[in-house]
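In the working numbering, the protein residues as written are 7 to 377.
Even for Gly, the Cβ is constructed at its ideal location relative to N, Cα and C.
The following block contains the structure:
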């Protein structure tokens, strides 16, 4: 039997590569195990309206509405300020069927974007939009019904095609993680209203001052509207925006049909649209989005949304804007679901975002890279 001798240079190369891999894994683990240094934390409620019933309140008949008030349609935010915080905070805004939980601990117990960016010395505000989660006091009546829909969301969020995960999926696998994910889904307590939810975040930003806005999915549309309504939005990082792409009325594309629904533009005035050209915007989409129409509704819906997002990017940039759209597989990052910020490679995604913030001079320094 012949034996092969591995050249010393090859052995050294393998040893170096192994050492680098171990070093990266050790560094990530060490960072996650280090204590978080929090200067202060708390919560705040902002915006909303008040309904006042006519008449006089009678304490002997306390269940009658006469003379009583009702506060609702506000936004809730939990904030944490790290030691040596950077100047601009990050406001993290959940998508449809989700809450501030989206940005917290991942379904398999890893650190989410809340902690990852606190470690990078950003103050974080995790919000529940009006009529959702801890901001559930709706001004409009609604009926909540327990509708069985979890397998639909599994497909729609491109975790896989039920019951199978996509082969290269970055979504954490296993019954325990899936249980945690399904239990994180939460309903609207009133009708979804893009004006109401964006007004709530505008009110929050009046209290925080200038901030960076992270949006996910359904929050993409009201995120654009928030930037139109207030100059306190200094940048937007949009994860898979899924609806309400705003265009100037003289530059709106045709609706894009899919096997799930039709994605239509939202028209605003040219003056309103111009606000989106004044801030840097990063848009990220994950994997398993088809390039051409297909019959599978869950995947085809994201083909239409990505197509509309590209048209929107081009429309903003034609007016002198600064929109970068990254389809992650196109830069070699594969397997991401609808939740890149909580997938198994969320540290890699956080690094992409940090690089963007640093290049746009949004991290408080023009020379320091993310830590």
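Check: For residue 49, which residues from the same chain have a beta carbon less than 6 Å from its beta carbon, with the 5 sequence-adjacent residues on both sides left out?
Finding: Locating residue 49 in the chain shown gives position 43, counting from the first residue. Closer than 6 Å at the Cβ level, and outside the excluded window around residue 49, lie 84.
*Can you tell me whether DSSP reads residue 343 as helix, strand or coil?*
The residue labelled residue 343 in the question sits at position 337 within the chain shown. Note: residue 343 maps to coil in three-state DSSP.
**Distance between residue 246 and residue 332 (C-alpha atoms, nearest Å)** = One-based indexing of the chain shown puts residue 332 at position 326. One-based indexing of the chain shown puts residue 246 at position 240. Spanning the two alpha carbons is a distance of roughly 10 Å.
Output the residue ranges of the beta strand (DSSP E) runs that lie fully inside the segment 103 to 182 and measure 3 residues or longer, sorted by chain position. 130 to 134
If you check the beta carbons only, do residue 250 and residue 272 fall under 8 Å apart? By 1-based counting over the chain shown, the position of residue 250 is 244. By 1-based counting over the chain shown, the position of residue 272 is 266. Yes; because the gap between Cβ atoms is below 8 Å, this pair is in contact.
Measuring alpha carbon to alpha carbon, tell me which of 343, 328, 329 ends up nearest residue 335.
Counting from 1 along the chain shown, the entry for residue 335 is found at position 329. It is 343 whose Cα lies nearest to the Cα of residue 335.
Review point. Is the Cβ-Cβ distance between residue 127 and residue 88 less than 8 Å?
Key: Here residue 127 refers to the residue found at position 121 when the chain shown is read from its first residue. Here residue 88 refers to the residue found at position 82 when the chain shown is read from its first residue. Their beta carbons are under 8 Å apart, which means residue 127 touches residue 88 by this criterion.
*Rounded to a whole number of angstroms, what is the C-alpha to C-alpha distance between residue 296 and residue 72?*
Within the chain shown, residue 296 is the residue found at index 290, counting from 1. Within the chain shown, residue 72 is the residue found at index 66, counting from 1. The alpha-carbon atoms of residue 296 and residue 72 are separated by roughly 57 Å.
Q. Which whole-angstrom value describes the C-beta separation of residue 292 and residue 164, a residue pair presumed to lie in contact below a C-beta threshold of 8 Å?
A. For the purposes of this step, residue 292 is taken as residue 286 along the chain shown, with counting starting at 1. For the purposes of this step, residue 164 is taken as residue 158 along the chain shown, with counting starting at 1. The Cβ separation is near 7 Å, so the contact holds.
Q) Roughly how many angstroms separate the alpha carbons of residue 188 and residue 110, rounded to a whole number? A) Counted from its first residue, the chain shown places residue 188 at position 182. Counted from its first residue, the chain shown places residue 110 at position 104. Using only the alpha carbons, I get a separation of about 15 Å.
Self-check item: Cβ pair residue 313, residue 242 closer than 8 Å
Solution: Here residue 313 refers to the residue found at position 307 of the chain shown. Here residue 242 refers to the residue found at position 236 of the chain shown. Against a cut-off of 8 Å, the Cβ pair of residue 242 and residue 313 comes out as no contact.
Could you check if residue 339 is buried or exposed, using at least 16 other CB atoms within 10 Å of its CB as the buried criterion? By one-based count along the chain shown, residue 339 stands at place 333. The residue in question, residue 339, is buried, as its Cβ has 16 or more Cβ neighbours within 10 Å.
Whether or not the segment 194 to 214 and the segment 175 to 182 are in contact is what I'm after, with contact meaning three or more pairs of Cβ atoms, one per stretch, closer than 8 Å; do they touch?
no
Check: Measuring CA to CA, which of 327, 112, 123, 144 is closest to residue 86?
Finding: As a first step, residue 86 is located in the chain shown; it is residue number 80 there, counting from the start. For residue 86, the nearest C-alpha among the options comes from 123.
Leaving out five residues on either side along the sequence, give the residues of the same chain with a beta carbon under 8 Å from the beta carbon of residue 211.
Your numbering for residue 211 matches position 205 in the chain shown. The answer, listed in chain order, is 97, 217, 232, 236, 238, 239.
Could you please give the first and the last residue of the uninterrupted alpha helix (DSSP H) stretch that includes residue 67? Indexing the chain shown from 1 puts residue 67 at position 61. Premise fails: residue 67 is in no alpha helix (DSSP H) and is neither H nor E.
**OP:** Mind checking who residue 263 pairs with in its DSSP beta bridge?
**Re:** Residue numbering aside, residue 263 sits at position 257 when the chain shown is read from its first letter. The partner list for residue 263 (beta bridge, DSSP) reads 268.
_Bridge partners for residue 241 per DSSP, in chain order?_
If you number the chain shown from 1, residue 241 lands on position 235. DSSP, once it has assigned bridges, lists 218 as partnering residue 241.
Leaving aside the five residues before and after residue 137 along the sequence, list all residues of the same chain whose C-beta is less than 6 Å from its C-beta, in chain order. Indexing the chain shown from 1 puts residue 137 at position 131. So the list reads 144, 194, 195, 196, once near-sequence residues are dropped.
ask   = Where do the N-terminal and C-terminal ends of the alpha helix (DSSP H) with residue 363 fall, by residue?
value = Taking the first residue of the chain shown as 1, we reach residue 363 at position 357. Segment 352 to 365, the alpha helix (DSSP H) holding residue 363.
With a threshold of 16 other CB atoms inside 10 Å of the CB of residue 31, please say whether the residue is buried or exposed.
For the purposes of this step, residue 31 is taken as the residue at position 25 of the chain shown. Residue confidence for residue 31 is low, a pLDDT of 41 falling below 50, so the modelled location carries little weight and cannot support an answer.
- prompt: Can you name the residues that DSSP bridges to residue 253?
  reply: By 1-based counting over the chain shown, the position of residue 253 is 247. Partner(s): 273.
Original post:
On the three-state DSSP scale, how would you describe residue 226?
Top reply: Mapped onto the chain shown, residue 226 falls at position 220. DSSP places residue 226 in helix when its eight states are reduced to three.
Note to self: Using 8 Å as the threshold, is the C-beta distance between residue 266 and residue 304 below it?
What the structure shows: Position 260 of the chain shown, counted from the start, is the residue given in the question as residue 266. Position 298 of the chain shown, counted from the start, is the residue given in the question as residue 304. Contact: yes.
What does DSSP give as the partner residues of residue 279 in its beta bridges? The residue you call residue 279 lines up with position 273 of the chain shown. In the DSSP output, where bridge partners are listed per residue, residue 279 has none listed.
- Would you tell me roughly how many angstroms separate the C-alpha atoms of residue 70 and residue 166, rounded to the nearest one? On the chain shown, position 64 is the one that residue 70 refers to. On the chain shown, position 160 is the one that residue 166 refers to. Between residue 70 and residue 166, the C-alpha separation is close to 51 Å.
Q. Are the Cβ atoms of residue 99 and residue 221 separated by less than 8 Å?
A. For the purposes of this step, residue 99 is taken as residue 93 along the chain shown, with counting starting at 1. For the purposes of this step, residue 221 is taken as residue 215 along the chain shown, with counting starting at 1. Cβ distance < 8 Å, so residue 99 and residue 221 count as in contact.
Review point. Where residue 192 and residue 153 are concerned, what is the direct C-alpha to C-alpha distance, given to the nearest angstrom?
Key: Taking the first residue of the chain shown as 1, we reach residue 192 at position 186. Taking the first residue of the chain shown as 1, we reach residue 153 at position 147. Rounded to the nearest angstrom, the two C-alpha atoms are 12 Å apart.
Please identify the residue among 41, 103, 324, 207 whose C-alpha is closest to the C-alpha of residue 190. Taking the chain shown and counting its residues from 1, one reaches residue 190 at position 184. Ranking the options by Cα distance to residue 190, first place goes to 103.
(request) Have a look at 355, 299, 106, 322 and flag the residue whose alpha-carbon is nearest the alpha-carbon of residue 337. (result) Along the chain shown, one-based indexing puts residue 337 at 331. Cα-wise, what sits closest to residue 337 is 355.
* To do: Using DSSP bridges, identify the partner residues of residue 99.
  => Here residue 99 refers to the residue found at position 93 when the chain shown is read from its first residue. Its beta-bridge partners are 133, 221.
**Message:** Please return the same chain residues whose Cβ sits closer than 6 Å to the Cβ of residue 76, not counting the five positions on each side in sequence.
**Reply:** Position 70 of the chain shown holds residue 76. 57, listed in sequence order.
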